[in-house]
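A.B. asks: Under my numbering, the first residue of the sequence shown carries the number 666, and numbering increases by one thereafter. From the three backbone atoms N, C-alpha and C, an ideal C-beta is built for every residue, glycine too. Sharing a structure below in structure tokens format, with a few things to ask.
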Amino acid sequence: MRKPIIAGNWKMYNSLEEAKLLVAGILEKVKDVKDVQIILCPSFTALAVVSEIVKNTGIELGAQNCHYQEKGAFTGEVSPKFLLDFGCKYVIIGHSERRQYFGEDDALINRKLKAVMGFGLFPIFCIGETLDQRNQKQTFDVLKGQVLKGLEGISLSDPLKMVLAYEPVWAIGTGVTATKEQAQEVHKYLRDLLSETWGRETADRVRIQYGGSVKPENIAELMEQPDIDGALVGGASLDPESFSRIIKFKG
Ligand code: 13P
666 MRKPIIAGNW
676 KMYNSLEEAK
686 LLVAGILEKV
696 KDVKDVQIIL
706 CPSFTALAVV
716 SEIVKNTGIE
726 LGAQNCHYQE
736 KGAFTGEVSP
746 KFLLDFGCKY
756 VIIGHSERRQ
766 YFGEDDALIN
776 RKLKAVMGFG
786 LFPIFCIGET
796 LDQRNQKQTF
806 DVLKGQVLKG
816 LEGISLSDPL
826 KMVLAYEPVW
836 AIGTGVTATK
846 EQAQEVHKYL
856 RDLLSETWGR
866 ETADRVRIQY
876 GGSVKPENIA
886 ELMEQPDIDG
896 ALVGGASLDP
906 ESFSRIIKFK
916 G
């Protein structure tokens with residue numbers, strides 16, 4: 666009922682030439698895939714070129730961040746409106762690396778979510794607990810705070826216009842994936858949480874991705890879980906072979 670959605674977050678990797686090669690490699694391997702929504706999130710500098718290459722292929726484009734204002738004296742920032750020039754449909758908002766290294770808090774993330782949705786872009790809204798927080802059994806409280814503060818004042822009239830991404834910080838880039846049981850437990854919690862504010866029908870239609878050391882070897886068992894609808898892939902999305910195997914998780 667919910668279409669699987671697999672996104673590649675390239676982070677700060679790939680020069681223009683590398684980006685071209687990577688997209689070409691991915692396209693070649695996934696051209697027959699119809700039943701999975703595929704999104705590529707290159708860095709800003711590669712958006713224009715990747716956008717041209719994926720045109721009419723069914724692969725969609727996302728950015729990794731943006732500002733919450735349409736325009737202004739914000740040196741070095743990128744307006745959500747400018748992303749539309751590249752045919753971007755998605756924007757990753759609230760990634761833990763932005764929270765951790767760039768001081769993004771829930772209030773700022775809330776402003777960004779409102780801005781991108783106001784421009785008709787679809788946020789991939791990231792949340793996740795640290796290892797310390799998990800060990801201290803604060804996982805659900807932390808996630809609840811991130812979700813409710815992040816989405817404060819947002820009506821979510823169309824559940825397909827936001828993707829939630831659960832990315833436990835301890836699983837990102839570490840090679841340690843959450844077990845399928847750990848991930849499912851959190852995804853179910855998140856869906857129930859969404860239903861408390863936005864209603865069961867909406868919550869049942871929102872796609873919730875898992876992210877954190879997703880690999881070809883663990884994607885199938887994650888996707889078998891009833892509340893896991895896709896993946897936000899970092900490292901393994903930088904290689905056409907491994908990313909295409911993740912996309913073709915059904916075998
Ligand atoms: P890795 O897949 O490299 O663990 O990164 C996950 C991530 O942060 C995706 O946004």
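Could you tell me whether any non-hydrogen atom of the ligand 13P is closer than 7 Å to the CB of V879?
C.D. replies: In the sequence shown, residue 879 corresponds to position 214, counting from 1. Answer for V879: yes, Cβ within range of the ligand 13P.
A.B. asks: Looking at the unbroken beta strand (DSSP E) that takes in Y678, where does it start and where does it end?
C.D. replies: As a working mapping, residue 678 is identified with position 13 in the sequence shown. Here Y678 belongs to no beta strand (DSSP E), and DSSP marks it neither H nor E.
A.B. asks: Contact check, L705 vs V715 under 8 Å by CB: the rounded distance?
C.D. replies: In the sequence shown, residue 705 corresponds to position 40, counting from 1. In the sequence shown, residue 715 corresponds to position 50, counting from 1. Right, the Cβ-Cβ distance comes to about 6 Å (below 8 Å), so this counts as a contact.
A.B. asks: If we ignore side chains and look at the alpha-carbon of each, how far apart do K826 and L686 end up?
C.D. replies: Counting from one through the sequence shown, the residue named residue 826 turns up at place 161. Counting from one through the sequence shown, the residue named residue 686 turns up at place 21. Answer to the nearest angstrom: the Cα atoms are 30 Å apart.
A.B. asks: What three-state label does DSSP hand A672 in the structure shown?
C.D. replies: Reading the sequence shown from its first residue, position 7 is the one you call residue 672. Three-state result, A672: strand.
A.B. asks: Name the DSSP bridge partner or partners of L829?
C.D. replies: Your numbering for residue 829 matches position 164 in the sequence shown. Answer by DSSP bridge pairing, in chain order: F790, I873.
A.B. asks: Checking the sheet assignment: what are the DSSP bridge partners for Y755?
C.D. replies: By one-based count along the sequence shown, residue 755 stands at place 90. Answer is G727, F787, bridged to Y755.
A.B. asks: What residues in its chain sit with their C-beta under 6 Å from that of Y779, if we drop five residues either side in the sequence?
C.D. replies: Counting from 1 along the sequence shown, the entry for residue 779 is found at position 114. At residue 779 the sequence reads Lys, which differs from the Tyr that was named. Excluding sequence neighbours, K779 sits near nothing in its chain.
A.B. asks: Taking the alpha helix (DSSP H) that V719 belongs to, which residues open and close that run?
C.D. replies: To locate residue 719, count along the sequence shown from 1; it is residue 54. Element bounds for V719: 709-719.
A.B. asks: Quick one: give me the first and last residue of the beta strand (DSSP E) that Q702 is part of.
C.D. replies: Start at 1 with the first residue of the sequence shown, and residue 702 comes out as number 37. Counting along the chain, the beta strand (DSSP E) containing Q702 begins and ends at 702-706.
A.B. asks: Is the separation between the beta-carbon of A917 and that of A728 shorter than 8 Å?
C.D. replies: This structure cannot speak to residue 917, because the chain is shown only from 666 to 916.
A.B. asks: Three-state secondary structure (DSSP) at G838?
C.D. replies: Along the sequence shown, read from residue 1 onward, the residue named residue 838 stands at position 173. Coil.
A.B. asks: For K676 and T795, I'd like the C-alpha separation in whole angstroms.
C.D. replies: Within the sequence shown, the letter at position 11 stands for residue 676. Within the sequence shown, the letter at position 130 stands for residue 795. Computed Cα separation, rounded: 19 Å.
A.B. asks: Residues in its own chain within less than 7 Å of L855 by CB, not counting five upstream and five downstream?
C.D. replies: In the sequence shown, residue 855 corresponds to position 190, counting from 1. Contacts found: L808, V812, L829, Y831, I873.
A.B. asks: What's the call for E882, buried or exposed, on a 16-neighbour Cβ count within 10 Å?
C.D. replies: Taking the first residue of the sequence shown as position 1, residue 882 is located at position 217. So E882 counts as exposed.
A.B. asks: Just curious, the beta strand (DSSP E) that A896 is in, first and last residue?
C.D. replies: Against the sequence shown, residue 896 aligns to sequence position 231. Taken as a continuous stretch (DSSP letters only), the beta strand (DSSP E) holding A896 covers 895-898.
A.B. asks: Looking only at its chain, what residues have a beta carbon closer than 8 Å to the beta carbon of S860, apart from the 5 residues adjacent to it on each side?
C.D. replies: In the sequence shown, counting from the first residue as 1, residue 860 sits at position 195. Correct list, in chain order: T867, A868, D869.
A.B. asks: Would V719 and V756 qualify as a contact pair, given that the criterion is a beta-carbon distance under 8 Å?
C.D. replies: Taking the first residue of the sequence shown as position 1, residue 719 is located at position 54. Taking the first residue of the sequence shown as position 1, residue 756 is located at position 91. In this structure, V756 does not lie closer than 8 Å to V719 by Cβ.
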